[in-house]
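Participant:
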Amino acid sequence: MSIFDYFRNNKKNSAAIAKERLQIIVAHERSQRNKPDYLPKMQQELLEVIRRYVEVDQDQVEVQLDQNGNCSVLELNITLPEAR
Amino acid sequence: MAKIIVVTSGKGGVGKTTTSAAISSGLALRGHKTAVIDFDIGLRNLDIVMDCERRVVYDFVNVINGEANLRQALIKDKRCENLYILPASQTRDKDALSQEGVERVLKELDEEGFEFIICDSPAGIEHGAFMALYFADMAIVVANPEVSSVRDSDRILGILQSKSRRAENGGQVEERLLLTRYNPARVAKGEMLGVEDVEEILATKLLGVIPESESVLKASNQGVPVIHDADSNAGQAYGDAVSRLLGEEVDHRFLSVEQKGLLQRLFRRSA
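Protein sequences, first through last, are from chains A and B. Per the numbering used here, residue 177 is the first one in the first sequence, and the count goes up by one each step. Per the numbering used here, residue 15 is the first one in the second sequence, and the count goes up by one each step.
#1: Hey, Val187 (chain B) and Ala137 (chain B): beta-carbon distance below 8 Å or not?
#2: To which residues does DSSP link Asp134 (chain B) through a beta bridge?
#3: Specify the secondary structure class of Lys203 (chain B) as computed by DSSP and reduced to three states.
#4: Taking the straight line between their C-alpha atoms, what separation do you get for Gly40 (chain B) and Ser34 (chain B)?
#5: Skipping 5 residues on each side, what residues in its chain have a beta carbon closer than 7 Å to that of Leu43 (chain B)?
#6: For Leu260 (chain B), collect the residues of the same chain with a Cβ closer than 7 Å to its Cβ; drop the 5 residues on either side in sequence, then sort them by chain order.
#7: Quick one: is Gln250 (chain B) buried, meaning 16 or more other Cβ sit within 10 Å of its Cβ, or exposed?
#8: Thinking C-beta only, is Met145 (chain B) closer than 8 Å to Val293 (chain B)?
#9: Excluding the five sequence neighbours on either side, which residues of its own chain have a C-beta within less than 6 Å of the C-beta of Met152 (chain B), listed in chain order?
#10: Cβ closer than 7 Å: which chain B residues qualify as neighbours of Leu246 (chain A)?
#11: DSSP three-state label for Gln240 (chain A), please.
#12: For Met15 (chain B), count neighbouring Cβ atoms within 10 angstroms of its own Cβ and tell me buried if that reaches 16, exposed if not.
#13: Among the residues of its own chain, which have a CB less than 8 Å from the CB of Phe74 (chain B), if the five just before and after it don't count?
#14: Report the partner residues of Leu231 (chain B) according to the DSSP bridge assignment.
#15: Less than 8 Å between CB atoms is the rule here; does Arg228 (chain A) satisfy it with respect to chain B?
#16: For Ile99 (chain B) and chain A, any beta-carbon pair shorter than 8 Å?
#17: Would you say Glu286 (chain B) reaches chain A, if we count a Cβ-Cβ gap shorter than 8 Å as a contact?
#18: Name the two residues that bound the continuous beta strand (DSSP E) containing Val240 (chain B).
#19: Is Pro198 (chain B) helix, strand or coil by DSSP?
#20: Which of the residues in the region 166–183 of chain B, read from start to end, lie with their CB under 8 Å from any CB of chain A?
#21: With a Cβ-Cβ cutoff of 8 Å, do Asp168 (chain B) and Lys30 (chain B) count as a contact?
#22: Quick check on Ser207 (chain A) - is its C-beta less than 8 Å from some C-beta in chain B?
#23: Measure the CB-CB distance between Glu160 (chain B) and Asn189 (chain A) and report whether it falls below 8 Å.
#24: Report the residues of the region 192–205 of chain A with a CB closer than 9 Å to any CB of chain B, ordered along the chain.
#25: When Cβ atoms are compared, which residues of the region 210–239 of chain B fall closer than 7 Å to chain A?
#26: Under a CB-based cut-off of 8 Å, is Glu189 (chain B) close to chain A?
#27: Answer yes or no: does any C-beta atom of chain A fall closer than 8 Å to that of Gly261 (chain B)?
#28: Check this for me: beta carbons of Ala248 (chain B) and Ser234 (chain B), under 8 Å apart or not?
#29: For Leu256 (chain A), which option in A:His204, A:Tyr229 and A:Gln208 has the closest C-alpha, if you only look at C-alpha atoms?
#30: Reducing DSSP to helix, strand and coil, say where Tyr1 (chain B) ends up.
#31: Are the C-beta of Glu140 (chain B) and some C-beta of chain A separated by less than 8 Å?
#32: Quick check on Lys25 (chain B): buried or exposed, where buried means 16 or more other Cβ atoms within 10 Å of its Cβ?
#33: Using DSSP bridges, identify the partner residues of Ile154 (chain B).
#34: For Ala191 (chain A), which of B:His266, B:Gly222, B:Gly237 and B:Val209 has the nearest alpha-carbon?
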């Protein structure tokens with residue numbers, strides 16, 4: 177970054193900053209919005225089933241739902257603890 | 015069929031009630047039989063903005079509970095022949111608005127020959143706001159050119175697209191953006207989001223831009239919807255918005271800084 181860039185960034189007006197911030201947060205929230213309501217509960221119940229067999233933490237289970245045209249893919253990632 | 019229009023925003027204080035009062039008055043002034051319903055249960059305010067607060071006998075919840083009939087509860091506007099106000103109740107029980115009850119009242123209004131039903135939504139995304147938008151054919155999303163308002167508007171658009179009756183039946187609520195408290199001078203200086211910016215972020219068709227104006231507070235002080243103030247920018251901008259609602263093509267005004275002439279500047283104080 178040159179010294180000119182520094183001045184240019186300083187010059188950026190607050191409305192442009194607002195627009196940029198809004199575009200990012202709105203895009204993020206829209207991507208969350210279309211997920212079905214049952215996803216958190218399903219994640220919880222899956223975790224309970226897995227826990228009957230292996231000891232895993234909440235944050236070691238990741239549920240991801242992706243949309244590809246007409247087809248939805250449910251991806252389940254479980255990080256198992258290292259074998260003792 | 016009556017056209018049901020919800021005036022909503024998510025965020026509070028952006029001008030939903032001002033807009034509901036202005037748009038409903040505007041439609042009535044053009045000869046359309048219009049009802050405006052205050053959905054803000056517990057915090058009724060449309061009545062005071064429309065100067066009928068001392069004429070409230072029965073309210074929306076009374077009608078839903080069968081304690082009064084619709085005709086008893088509707089308040090005829092003093093200024094417009096074709097305008098009727100259905101006030102919110104002051105009860106603190108927000109669940110008083112049942113979905114069946116709201117649907118029945120809307121149906122009765124339709125049978126009474128109302129052409130437009132304006133639903134003034136409470137702020138937030140809870141029950142009252144949900145009931146106000148659920149049956150809507152069209153939504154006027156009121157936003158200020160400011161980050162929290164624009165973000166909340168996007169959330170409300172999401173709810174309209176997934177939780178409304180039209181969405182549930184595979185259809186769509188017609189969405190229109192109304193930008194209020196717009197200050198062209200600050201937009202020109204890069205201190206405020208411009209109308210194109212907000213349109214781009216929300217990807218919603220523009221109904222109108224209401225300039226920031228002293229006449230809006232003056233209007234609510236007096237209980238006269240600002241659309242009656244034909245000399246004010248805000249009143250004229252609301253008039254344009256009503257024309258667009260009725261399908262007319264009207265250019266957007268008051269988007270740039272007014273260039274005052276020298277004489278106007280000199281004599282502004284005496285005017």
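Ideal Cβ positions, reconstructed from N, Cα and C, are used throughout, including at glycine. Please read all numbers here as calculations on a predicted model, not as lab measurements.
Facilitator: According to the structure shown:
#1: For the purposes of this step, residue 187 (chain B) is taken as the residue at position 173 of the second sequence. For the purposes of this step, residue 137 (chain B) is taken as the residue at position 123 of the second sequence. No. Outside cutoff.
#2: Numbered from its first residue, the second sequence carries residue 134 (chain B) at position 120. Note: Asp134 (chain B) sits in a beta bridge opposite B:Val21 and B:Asp52.
#3: Within the second sequence, the letter at position 189 stands for residue 203 (chain B). In this structure, Lys203 (chain B) counts as coil in the three-state DSSP scheme.
#4: For the purposes of this step, residue 40 (chain B) is taken as residue 26 along the second sequence, with counting starting at 1. For the purposes of this step, residue 34 (chain B) is taken as residue 20 along the second sequence, with counting starting at 1. C-alpha separation (whole angstroms): 10 Å.
#5: In the second sequence, the residue the question calls residue 43 (chain B) occupies position 29. Result list for Leu43 (chain B): Cys94, in chain order.
#6: On the second sequence, residue 260 (chain B) is found 246 positions in, with the first residue counted as 1. Arg44.
#7: As a first step, residue 250 (chain B) must be located in the second sequence, where it is residue number 236. Its Cβ being crowded by 16 or more others within 10 Å, Gln250 (chain B) is buried.
#8: Any answer about residue 293 (chain B) is impossible in this case: the structure gives chain B only from 15 up to 285.
#9: Working through the second sequence from its first residue, we reach residue 152 (chain B) at position 138. The answer, listed in chain order, is Ile19 and Glu188.
#10: To locate residue 246 (chain A), count along the first sequence from 1; it is residue 70. Before going on, a small fix: residue 246 (chain A) reads as Asn here, not Leu. What Asn246 (chain A) touches in chain B: nothing, since even the nearest Cβ is about 16 Å away.
#11: Residue 240 (chain A) sits at position 64 when you count from the first residue of the first sequence. Looking at Gln240 (chain A) - three-state DSSP - the assignment turns out to be strand.
#12: What you label residue 15 (chain B) is simply residue 1 of the second sequence in a count that begins at 1. Classification for Met15 (chain B): exposed.
#13: One-based indexing of the second sequence puts residue 74 (chain B) at position 60. Counting only Cβ-Cβ distances below 8 Å, and skipping sequence neighbours, we find Ile51, Asp52, Phe53, Ile55, Ala87, Leu100, Pro101, Ala102, Ser103, Leu111 and Val119.
#14: Within the second sequence, residue 231 (chain B) is the residue found at index 217, counting from 1. DSSP links Leu231 (chain B) through a beta bridge to no other residue.
#15: Within the first sequence, residue 228 (chain A) is the residue found at index 52, counting from 1. Arg228 (chain A) does not count as touching chain B.
#16: Position 85 of the second sequence, counting from 1, holds the residue named residue 99 (chain B). Judged by the 8 Å Cβ criterion, Ile99 (chain B) is not in contact with chain A.
#17: Residue 286 (chain B) lies beyond the range of chain B shown here (15 to 285); nothing can be said about it.
#18: Working through the second sequence from its first residue, we reach residue 240 (chain B) at position 226. First-last for Val240 (chain B): undefined, no H or E at that position.
#19: The sequence position of residue 198 (chain B) within the second sequence is 184, counting from 1. Three-state result, Pro198 (chain B): helix.
#20: Asp168, Arg169, Gly172 and Ser176
#21: In the second sequence, residue 168 (chain B) corresponds to position 154, counting from 1. In the second sequence, residue 30 (chain B) corresponds to position 16, counting from 1. Cβ atoms of Asp168 (chain B) and Lys30 (chain B): not closer than 8 Å.
#22: Locating residue 207 (chain A) in the first sequence gives position 31, counting from the first residue. Not closer than 8 Å to any Cβ of chain B, the Cβ of Ser207 (chain A) fails to qualify, so no.
#23: Residue 160 (chain B) sits at position 146 when you count from the first residue of the second sequence. Residue 189 (chain A) sits at position 13 when you count from the first residue of the first sequence. Not a contact, by the Cβ cut-off of 8 Å.
#24: Ala192, Ala194, Lys195, Arg197, Leu198, Gln199, Ile201, Val202 and Glu205
#25: Interface annotation for the region 210–239 of chain B against chain A: Asp211 and Ile215, criterion Cβ-Cβ distance under 7 Å.
#26: For the purposes of this step, residue 189 (chain B) is identified with residue 175 of the second sequence, where counting begins at 1. Glu189 (chain B) does not count as touching chain A.
#27: Position 247 of the second sequence, counting from 1, holds the residue named residue 261 (chain B). Chain A contact via Cβ: absent.
#28: The residue given as residue 248 (chain B) occupies position 234 in the second sequence. The residue given as residue 234 (chain B) occupies position 220 in the second sequence. No; because the gap between Cβ atoms is not below 8 Å, this pair is not in contact.
#29: Residue mapping note: residue 256 (chain A) aligns to position 80 of the first sequence, counting from 1. Residue A:Tyr229 is the option with its Cα nearest to Leu256 (chain A).
#30: Absent from the structure is residue 1 (chain B), since the part of chain B shown begins at 15 and ends at 285.
#31: Working through the second sequence from its first residue, we reach residue 140 (chain B) at position 126. No, because no Cβ of chain A sits closer than 8 Å to the Cβ of Glu140 (chain B).
#32: Mapped onto the second sequence, residue 25 (chain B) falls at position 11. It is buried - the Cβ of Lys25 (chain B) has at least 16 other Cβ atoms within 10 Å.
#33: Taking the first residue of the second sequence as position 1, residue 154 (chain B) is located at position 140. B:Val21 and B:Arg190, per the DSSP bridge assignment.
#34: Locating residue 191 (chain A) in the first sequence gives position 15, where the first residue counts as 1. Closest option to Ala191 (chain A), Cα to Cα, is B:Val209.
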